[in-house]
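Here's the structure, in structure tokens; my notes come after.
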Amino acid sequence: MGQIAPGTPPKIVRRLQRSRIAYLLILPAVVCMLLVHYGPMIWGFMISLRDVNVFTVRDWMNAPWVGLANYAEGFDPAGRLGARFWRSLWNVTYFGIVTISLSYIIGMAVAHVLNRPFFGRTLVRGLVLLPYVTPDSVAYSVWRFIFQARIGLVNKWLLALGLIEEPLIWLVGSRSIYAVMTAAIWKGWPFNALVLLAGLQSIPKELYEAAVVDGASGWARFRYITLPSLAPVTRTLILMSILWNFNAFNQFHVMLGRDPGLHADVPSTLIMREAFQSFNFGVGSAMSFALMAFTLVFTIIYLRMLQPREDRRGRK
Amino acid sequence: MLGRKSIVLALVLVLSLGTVTFAQTITFWLMPNAPDAIHVPWLDKHIAIFKEETGIDVKYEIIGWDAAWSRISVALLTGEGVDVFQAGTTWNPQFAATGGVAEIDINEFGGAESFMKANLDSTTYKGKYYGVPWFAETRALFYNKDMFAEAGVEPPNTYDELVEVGKKIVEVFGEGSAIAIAGTNAWDLIHNWAIILWAFGGDLLSPDNKQAVFNEQPGVEAMNWYVDLVRLGLASKASAEYNQPQADAAFISGNVAMAFMGPWNIAGIEVDNPDLNYGIVEPPAGPAGRAAFSGGSNLVILADSPNKEAAKKWIQYLLRPEVLTDYTKNLTHMLPTTYEAYDDPYYNEGVWQTFKKTLSYATAYPPLGVWGDIENAIVGEYKQILSDYVEGKLTDVQRYLDAAAGQVNRALARER
Amino acid sequence: MSTQAVAKAQTARRTKPVRARRIVKEVLFYLVVALILTVVMVPFLWMVSGSFKTTLELQSADVLRPGHEPRFIPREPTLENYIRVNSTVPMLDYFKNSLIISTGTMIVATTLALLAGYAISRFDFPGKRPYVVSVFSTQMLPGILFLIPYFVLFTWINQNFGIRLRDTYPGMIFTYTSFSLPFAMLMLASYIDTIPRELDEQARIDGCSSLGILFRIILPLSMPSIAAVGIYSFIMAWNEILFASVLTGSNTKTVAVGLLDFITTQEARWGGMMAAAVIVSLPVVFLFTLVQRQIIDGLVSGATKG
Chain A
27 MGQIAPGTPP
37 KIVRRLQRSR
47 IAYLLILPAV
57 VCMLLVHYGP
67 MIWGFMISLR
77 DVNVFTVRDW
87 MNAPWVGLAN
97 YAEGFDPAGR
107 LGARFWRSLW
117 NVTYFGIVTI
127 SLSYIIGMAV
137 AHVLNRPFFG
147 RTLVRGLVLL
157 PYVTPDSVAY
167 SVWRFIFQAR
177 IGLVNKWLLA
187 LGLIEEPLIW
197 LVGSRSIYAV
207 MTAAIWKGWP
217 FNALVLLAGL
227 QSIPKELYEA
237 AVVDGASGWA
247 RFRYITLPSL
257 APVTRTLILM
267 SILWNFNAFN
277 QFHVMLGRDP
287 GLHADVPSTL
297 IMREAFQSFN
307 FGVGSAMSFA
317 LMAFTLVFTI
327 IYLRMLQPRE
337 DRRGRK
Chain B
56 MLGRKSIVLA
66 LVLVLSLGTV
76 TFAQTITFWL
86 MPNAPDAIHV
96 PWLDKHIAIF
106 KEETGIDVKY
116 EIIGWDAAWS
126 RISVALLTGE
136 GVDVFQAGTT
146 WNPQFAATGG
156 VAEIDINEFG
166 GAESFMKANL
176 DSTTYKGKYY
186 GVPWFAETRA
196 LFYNKDMFAE
206 AGVEPPNTYD
216 ELVEVGKKIV
226 EVFGEGSAIA
236 IAGTNAWDLI
246 HNWAIILWAF
256 GGDLLSPDNK
266 QAVFNEQPGV
276 EAMNWYVDLV
286 RLGLASKASA
296 EYNQPQADAA
306 FISGNVAMAF
316 MGPWNIAGIE
326 VDNPDLNYGI
336 VEPPAGPAGR
346 AAFSGGSNLV
356 ILADSPNKEA
366 AKKWIQYLLR
376 PEVLTDYTKN
386 LTHMLPTTYE
396 AYDDPYYNEG
406 VWQTFKKTLS
416 YATAYPPLGV
426 WGDIENAIVG
436 EYKQILSDYV
446 EGKLTDVQRY
456 LDAAAGQVNR
466 ALARER
Chain C
48 MSTQAVAKAQ
58 TARRTKPVRA
68 RRIVKEVLFY
78 LVVALILTVV
88 MVPFLWMVSG
98 SFKTTLELQS
108 ADVLRPGHEP
118 RFIPREPTLE
128 NYIRVNSTVP
138 MLDYFKNSLI
148 ISTGTMIVAT
158 TLALLAGYAI
168 SRFDFPGKRP
178 YVVSVFSTQM
188 LPGILFLIPY
198 FVLFTWINQN
208 FGIRLRDTYP
218 GMIFTYTSFS
228 LPFAMLMLAS
238 YIDTIPRELD
248 EQARIDGCSS
258 LGILFRIILP
268 LSMPSIAAVG
278 IYSFIMAWNE
288 ILFASVLTGS
298 NTKTVAVGLL
308 DFITTQEARW
318 GGMMAAAVIV
328 SLPVVFLFTL
338 VQRQIIDGLV
348 SGATKG
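Protein chains in written order, with our numbering: chain A, 27 to 342; chain B, 56 to 471; chain C, 48 to 353.
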């Protein structure tokens, strides 16, 4: 403070002034999101505190105030809904850990392959996008067909390889979540590859050339150049994957139906049934915000896990 | 009060403007009841005739069933988007309970006596009418005549006979060849079980609709009977993951000897496997006689619609005997909902006679606002039964039915 | 120079084993490429093969019955599904709608995201942290919750400002822009973070304004990420089902929703759906193959090397 020459406005005002351009830059995005995200979020939160059901939903502003009763119902592990909700949180977490990490690893490997010039690269890059550009509704319908017990490819091949004796039922019961995982990874890795490829191309070639001169092995180059350079992109990519994962809906709905069953029910399908099928919007909203809190916790854990590594790098 | 006011308002509008140059337009949503290739020309033609007569233009949109549910729900809750729409019979009471649907004076549409009772019941909520029955459907037992002949069996009359017949078919054609049933992926799983439940003398709810009774003895027997179809090898174990079209396809392709299907499947057979030699009989009888599920669609007017009078006229037009019969007979292969339409000799012949007879004792579900909860609860446990059976973990279906009943009772307590 | 000489000397000494190893490496590399393509293509080929099958063949296949096993080559190939694509469902109209909405979303969302991403990456403005956190938080709620308030909002805008948004292209573009913004802006921000700040400072010394830096320095250097984010926005709009099924109508119905029309609850026209899916997927893949060659290969390598 003492260093500021007399006559200069206070720091905060100066910062605000300097930031005018920044505010102008984010303004269009803020307006867009204000209308589409923040407004509805507030609405949802208000709904979650009231008994909004089939009888009251049209006049929700006058629906009886119930405080946190909707949350209690959604979270009570002894109740039907609560038990299902906890289970669905576990399902979606398990699903997310497997699909996000495998999609990222495969995406990273493929991005390296595609970053190298080779015959037909442009075509391959285009084809690799196929799973990603195929609409969810179609892709998961096809996967549902592939996993069918009697008419599906998976059982056909497993039988041909002699790995199974009789066709397995994939889409019912405890195996169903793995079927959905497979389809989701197939659909998910090309996007990871695309983003990581963009990241790879931003790494100056000189870094690698210097490393080769130093005699660094391929693994060392990956570990000490590629990974750190991709860290900011990876962070956002994984973070968004985590957030989207907890709202996963299409893959479960298309492959397993409106009610995917205990082993593969996820919060979104549960909330969809509760809010939209039965019109219990109050409880549905409460579960949505509970899900949001859960996602938040998970996100914070993820960011904390990254923290030490970044500090280490910062100190170097 | 509000309803009358807006009717007056609409009338004033119509009187002041309608006769001069003002062309009123109503929005009509319907589902893909027939292939677009024939559905669209039919609608265009009749909308032209209707416009000629009344000066009202109808803007229609054909919406798939899944999307239709969400679009109608949103329209009900926000009060705009559509004037008149098609709603599945099981949807109507729940929609009515929101207050987003206009009450109907059934006398303007020919009176309560002119409609088939089960379909009319599906339009009611608390004793008032909130829709007009459009067309009906019910499921009967389709059987493959060639397979039956080869196994030397006759179409079954009772559910016990069905199992006996099925065992003989399995002896000849192998496991899973007797009957095609839908599994966990079927949106209409509950309909498949309900007809068995009724035939076994049970019901979903107590007569006053205050309590679940489907977990009593007949419910357990009906559920065991359904699971036995798989347990005894009459139905393929893979059917646990089927949706309805897949189950239908198994029959239509000629691989399976029996299936519970509806009149719309007749068109499907004509397209996919015209050589299939099949017959249709009424659903078998249980200890309590025969039972059938009455489905179909109703026409419903949005409560906040400013064009209620015009919407009514359009419904009246669609229900004219010649228009309705044409739509059901030649286009959708559904069944009409008015008694008058059955005067057409077409319905006294062949398979249509079977459907007509089945429909005469078909039952609708109780008209409740919390029906969505009830269906979710029953279907949820039903799926768990099938899922646990497949995994070899099914012990006693009673436990599952009790769990479902508990949820249903909690939902019923909220019914107003 | 000296390293090259050393390398040359090494190659001269061990020409044969190196060449052999290089060939093996090359073969392995192409095998990996083939593996990637196989994984990508199997379900897609299954879809293509399905589009040439009759509904009967699709659904009556059986892994246990010899002669009926599901297979890639149709037993009775038919073109029926393709011939009927447009007569069953007006897919070509939907395709046009999807193209307009997705392209519009791509352009608007990428532009807004670049502005916001630049601000987040390069400016330390008061309220930045809460802003970024709030952007993240919007992604934590299931979309289904937004459906009703969103519809109410459209109605409200229509009533108060006379701007019709439901079932119009601008309305859908606005919707999807908002949906893709959070990811797009954060992704771009983290990418811009990797561009050395020295470049900005150099330009500022040369007399560039903040906007000048954005367009002269940041924009060309961010092209790979802009391409990725653009594709993301495009595909998001192309694939979205839930809101499209409620907010679009006869004027704006998109391909993703239109495809579902092939499955009614009463029959499933899988063959028809597969045919439609093939028809709508191929142009998109083709488009991206073209676009990315220009964007990624051309602009970027030019900008970074130049």
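By construction, the Cβ of each residue, glycine as well, lies at the ideal position given by its N, Cα and C atoms.
- prompt: Using a beta-carbon distance below 7 Å, is A:GLN227 in contact with chain C?
  reply: yes
Practice problem: State the CB to CB distance for the pair B:ALA142 and B:GLY186, rounded to an integer number of angstroms; the pair is presumed to be in contact (CB under 8 Å). | Solution: 6 Å
Do you know how far the Cα of B:PRO87 is from the Cα of B:TYR420? 23 Å
Use the C-beta contact count for B:GLN266: other C-beta atoms within 10 angstroms, 16 or more gives buried, fewer gives exposed. exposed
Run of the beta strand (DSSP E) containing B:GLY334, from where it starts to where it stops
Taken as a continuous stretch (DSSP letters only), the beta strand (DSSP E) holding B:GLY334 covers 333-336.
Original post:
Mapping DSSP to helix, strand and coil, what is B:GLU378?
Top reply: Rather than Glu, the amino acid found at residue 378 of chain B in this sequence is Val. Under the three-state reduction of DSSP output, B:VAL378 falls in the helix class.
(message) Whole angstroms are fine: how far does the CA of C:ASP247 sit from the CA of A:LEU42?
(response) Cα to Cα, A:LEU42 sits roughly 21 Å from C:ASP247.
Is DSSP giving B:GLN272 helix, strand or coil here?
helix
Is there a C-beta anywhere in chain C that falls below 7 Å from the one on B:GLU116?
yes
Determine whether the beta carbon atoms of A:ALA109 and A:TYR166 lie at a separation below 7 Å. no
If you run the structure through DSSP and keep just helix, strand and coil, what is B:MET86? coil
| request: Compare the Cα-Cα distances from A:VAL292 to each of A:GLN303, A:GLY283, A:PHE278 and report the closest residue. | output: A:PHE278
Can you give the beta carbon distance from A:LEU265 to A:THR321, rounded, assuming they're within the 8 Å contact cut?
With a Cβ gap of about 11 Å, A:LEU265 and A:THR321 do not count as contacting.
Contacts around B:MET316, its chain only, beta-carbon distance under 8 Å, and the 5 residues preceding and following it disregarded: ARG194, ALA195, PHE197, ASP303, PHE306
### Query
Since B:ASP112 sits in a beta bridge, which residues does DSSP pair it with?
Bridge partners of B:ASP112: B:THR80.
Separation of A:GLY133 from C:ILE167, as counted between CA atoms
Separation of C:ILE167 and A:GLY133 (C-alpha to C-alpha, rounded to the nearest whole angstrom) is 27 Å.
* What residue does the alpha helix (DSSP H) around A:LEU263 start on, and which one ends it? -> 253-272
| said: Between the alpha carbons of C:THR101 and C:MET138, how many angstroms are there, rounded? | reply: 20 Å
(Q) Residues of the stretch 268-288 of chain A in Cβ contact with chain B at a cutoff of 8 Å, in chain order, please. (A) LEU282, GLY283, ARG284, ASP285, GLY287, LEU288
Any C-beta of chain C under 7 Å from that of A:ILE190
Chain C contact via Cβ: absent.
Quiz prompt | chain B contact residues for C:LEU103, given Cβ-Cβ distances below 8 Å | solution = ALA304, ILE307, SER308, ASP327, ASN328
**OP:** Using 10 angstroms around the beta-carbon of A:MET331, count the other beta-carbons present and answer buried if the total reaches 16, otherwise exposed.
**Re:** exposed
In the DSSP assignment, what residue or residues form a beta bridge with A:ARG76? A:TRP91
Under a CB-based cut-off of 7 Å, is B:ALA122 close to chain C?
yes
**Prompt:** Does the Cβ of A:LEU256 lie closer than 6 Å to at least one heavy atom of the ligand GDP?
**Reply:** Among the ligands in the structure shown, none appear at all, so the ligand GDP cannot be discussed.
Pull up the distance between the alpha-carbon of A:LEU61 and that of C:PRO217, whole angstroms please. Rounded to the nearest angstrom, the two C-alpha atoms are 15 Å apart.
inquiry  = Please tell me whether A:MET318 and C:MET187 are closer than 7 Å, where the distance is taken between their beta carbons.
reply    = yes
- Task: Rounded to whole angstroms, what's the CA-CA distance from A:SER200 to A:ALA290? Just pull it up for me.
- Result: 8 Å
### Contact set between the stretch 181-209 of chain B and chain A, restricted to residues whose Cβ is under 7 Å from the partner
none
- chain B partners of A:ALA175, CB-CB under 7 Å? ALA293, GLU296
| message | Would you say B:LEU289 lies against chain C (beta-carbon separation less than 7 Å)? | response | No, because no Cβ of chain C sits closer than 7 Å to the Cβ of B:LEU289.
- Query: In angstroms, rounded to a whole number, what distance separates the CA positions of B:THR76 and B:THR145?
  - Reply: Confidence at B:THR76 is low in this model, with a pLDDT of 44, below 50, so its placement is unreliable and no value can be given for it.
For B:GLN149, three-class secondary structure by DSSP
helix
Worksheet item: If we cut at 7 Å on Cβ distances, does C:THR202 have a partner in chain B?
Response: yes
query: When the Cα atoms are used, what is the spatial distance from B:VAL326 to B:ILE111?
result: 36 Å
>> Under 7 Å, CB to CB, which of the residues in the stretch 145-164 of chain A have a partner in chain C?
In response: THR148, LEU149, VAL150, ARG151, GLY152, LEU153, VAL154, LEU155, LEU156, PRO157, TYR158, VAL159, THR160, PRO161, ASP162, SER163, VAL164
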